[in-house]
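Participant:
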Amino acid sequence: MQLSEVRAGAAAIAPMLVGVVPFGLVAGATPVSEGLGVGAAMGFATIVFAGASQLAAIDVLADGGSALVAVVAACTINLRMLLYSASLAPFLAKEPLRRRLAVAYFLTDQAYATSITRWSAEDDPGTRLPFYFGGAVLLWASWQLSVLSGALLSDAVPESLPLDFAIPLVFLVLLVPTLVSRPAVVAAAVGGLSAVVAAELGADELSILVGALAGIAAGAFTEARAERERT
Amino acid sequence: MSRVWVAILLAGAGTYAMRASFLLAADRLARVPPNVERLLRQIPPAALASLVVPALLRPHGELDLFSPRLLAGVVAAVVAWRTRNVAATLVVGMGILVLLDTFMSV
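Just so you know, the sequences run in chain order A and B.
Okay, so the first sequence: first residue is 151 according to our numbering, each after it adds one.
Okay, so the second sequence: first residue is -6 according to our numbering, each after it adds one.
#1: In chain order, which continuous runs of the alpha helix (DSSP H) of length 4 or greater are located wholly inside the region 290 to 339 of chain A?
#2: Here's the rule I'm using: 16 or more other beta-carbon atoms within 10 Å means buried, otherwise exposed. How should residue 306 of chain A be labelled?
#3: Report the CB separation of residue 312 of chain A from residue 94 of chain B in whole angstroms; it is logged as a contact under 8 Å.
#4: Over what stretch of residues does the alpha helix (DSSP H) that includes residue 101 of chain B continue unbroken?
#5: Give the straight-line distance between the Cα atoms of residue 339 of chain A and residue 259 of chain A, rounded to the nearest whole angstrom.
#6: Hey, residue 316 of chain A and residue 192 of chain A: beta-carbon distance below 8 Å or not?
#7: Can you tell me whether residue 18 of chain B is helix, strand or coil according to DSSP?
#8: Around the C-beta of residue 102 of chain B, are 16 or more other C-beta atoms found within 10 angstroms, so that it is buried, or is it exposed?
#9: CB-CB under 6 Å to residue 242 of chain A, same chain, minus the five flanking residues each way: which ones, in chain order?
#10: Are residue 224 of chain A and residue 4 of chain B closer than 8 Å when you measure CB to CB?
#11: As a quick exercise: from A:378, A:349, A:319, A:332, pick the residue whose alpha carbon is nearest that of residue 41 of chain B.
#12: Taking three-plus beta-carbon pairs below 8 Å as touching, is the region 18 to 30 of chain B in contact with the region 266 to 279 of chain A?
#13: What does the alpha-carbon distance come out to for the pair residue 91 of chain B and residue 98 of chain B?
#14: Which first and last residues belong to the alpha helix (DSSP H) in which residue 203 of chain A is found?
#15: At the 8 Å Cβ level, is residue 57 of chain B part of the contact set with chain A, yes or no?
#16: So which of B:39, B:30, B:62, B:29 has the shortest CA-CA distance to residue 314 of chain A?
#17: For residue 86 of chain B, go through chain A and note every residue whose CB falls closer than 9 Å to its CB, in chain order.
#18: Specify, as a first and last residue, the run of the alpha helix (DSSP H) that residue 183 of chain A falls within.
#19: In angstroms, rounded to a whole number, what distance separates the CA positions of residue 326 of chain A and residue 44 of chain B?
#20: Which same chain residues end up closer than 8 Å to residue 207 of chain A when comparing Cβ atoms and leaving out the 5 residues on each side of it in sequence?
#21: So with Cβ pairs under 8 Å, would you call residue 43 of chain B a contact of chain A?
#22: Examine chain A for any beta-carbon lying closer than 8 Å to the beta-carbon of residue 64 of chain B, and answer yes or no.
#23: With contact counted as at least three CB pairs below 8 Å, one residue from each stretch, are the region -2 to 12 of chain B and the region 228 to 238 of chain A in contact?
#24: Between which two residues does the alpha helix (DSSP H) containing residue 80 of chain B stretch?
#25: Does any residue of chain B bring its CB to less than 8 Å from the CB of residue 299 of chain A?
#26: Among B:57, B:36, B:89, which one has its Cα closest to the Cα of residue 69 of chain B?
#27: Tell me which residues share the same chain as residue 166 of chain A and place their Cβ nearer than 6 Å to its Cβ, disregarding the 5 neighbours each side in the sequence.
#28: Establish whether the CB of residue 197 of chain A and some CB of chain B are separated by less than 8 Å.
#29: When you compare only the Cα positions, how much space is there between residue 289 of chain A and residue 368 of chain A?
#30: Given this structure, state the Cα-to-Cα distance separating residue 85 of chain B from residue 72 of chain B, to the nearest angstrom.
#31: With distance defined between alpha-carbon atoms, name the residue in B:75, B:83, B:7 nearest to residue 66 of chain B.
#32: Going along chain A, which residues have a C-beta under 7 Å from residue 1 of chain B?
#33: Quick one: is residue 361 of chain A buried, meaning 16 or more other Cβ sit within 10 Å of its Cβ, or exposed?
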């Protein structure tokens, strides 16, 4: 393990914690105030470990919905993990299975976004996992602590500063350097606008996946057409 | 076992399966066909924009083209483009949002 890479991964994730910690407080306070208990809050945080889907499942359960409906709600929101998994996999082809399985457990929007940016720019395969785990484990620990704090102090969680805005801002910093080619710009523009349209049409959390798929298709189409024109 | 814990375990298993899916098969993905690679290349811009753009255009769950968040986000995008610096982008973006929120609530 290269300690400098672990630190670099942690440093890449650190600014995101400004947004993640308040989100974790809410994800901990909500199940407790809905009467599901601290145990369930931590069960969601450790076993599901995906903020928006935790809240969606808790919402269904608190309204008296069945476990199955809650599971479908949570898994639908997390379908985008398939895309992240596919995007990261070719970079880890030479890693042993147990390490890839550990990468999978810690996979989040944040860990994906920081790592794919770094891995695409950095050629040394040996630095990939230290960088990934440096950030991903820091995010995991922060999530567990903030959910636990929210669950224990469920009445005292404030909603004053717009700290949640830090999350899209950090994704913005990661988005900008990916816009290096016309297909990438098309993928981002079509992806972002499709996500908005899907949300307007009521796709809720699924709109991220709809947007991503539309953007991927548009970007790939643009790239393929440009290649055909060159030949 | 209670309804809640059944939901936690099944949602956890489903989510883990999706996270592991392609990583599980990664050793067979060392040589990705060019068509698939072309699709994979689009994932970062498409997925990141899908996370960012709705947060700017639908800040509170409905389309709002005149929200402080959109203006703060556009300025932050310029800062991100010019500096590639997370801290600078956060400070400018959050700062403008807090300022606009303060002025608009007076």
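Glycine residues also receive a C-beta, built at the ideal position from the N, C-alpha and C atoms.
Facilitator: Walking through what the data contain:
#1: 316 to 325
#2: exposed
#3: 7 Å
#4: Because chain B in this structure spans residues -6 to 99, residue 101 of chain B falls outside the shown range and cannot be described.
#5: 19 Å
#6: no
#7: coil
#8: The structure shown has nothing for residue 102 of chain B, since chain B only spans -6 to 99.
#9: 250
#10: yes
#11: A:319
#12: no
#13: 11 Å
#14: 201 to 212
#15: no
#16: B:62
#17: 315, 316, 318, 319, 322
#18: 167 to 183
#19: 13 Å
#20: 194, 198, 220, 221, 223, 224
#21: yes
#22: no
#23: yes
#24: 79 to 98
#25: no
#26: B:89
#27: 260, 320
#28: yes
#29: 32 Å
#30: 8 Å
#31: B:83
#32: 190, 193, 194, 197, 198
#33: buried
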